[in-house]
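What follows is a set of notes on a single structure, which appears directly below.
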Amino acid sequence: TTTPCPTTTKKATTTTTTKYPTTTTPCTTTAKSTTTTTTTTETTTTTTETTTTTTETTTTTTETTTTTTETTTTTTE
1091 TTTPCPTTTK KATTTTTTKY PTTTTPCTTT AKSTTTTTTT TETTTTTTET TTTTTETTTT
1151 TTETTTTTTE TTTTTTE
């Protein structure tokens, strides 16, 4: 049987075995692996499209036709 070691918190990726002198009671220590992954993705997309079309057409057509015809006939007999 093995005697568990006092509870300790270790961050590691391997198992650690500690060798004690032969005058002490051997115990086993298992390292606890803690992995924390934090992923933050922030995407901000702002699209502003403004199209302004102003068409102003002013057409003024003035046509004036003046025709004056004067006929004078004088007959003298």
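Take the position in the sequence shown, starting the count at 1, then add 1090; the result is the number in my numbering.
All C-beta atoms, glycine included, are put in the ideal place defined by N, C-alpha and C.
The model shown is predicted, which means the values in this text are computed figures rather than measured ones.
Specify the secondary structure class of Thr-1135 as computed by DSSP and reduced to three states. As a position in the sequence shown, residue 1135 is number 45, starting the count at 1. Here Thr-1135 sits in coil by DSSP.
Taking the DSSP output, what are the residues bridged to Thr-1156? In the sequence shown, the residue the question calls residue 1156 occupies position 66. According to DSSP, Thr-1156 bridges with nothing at all.
Whole angstroms is fine: what's the gap from Glu-1153's alpha carbon to Thr-1145's? By one-based count along the sequence shown, residue 1153 stands at place 63. By one-based count along the sequence shown, residue 1145 stands at place 55. If I take the Cα positions, the gap works out to 26 angstroms.
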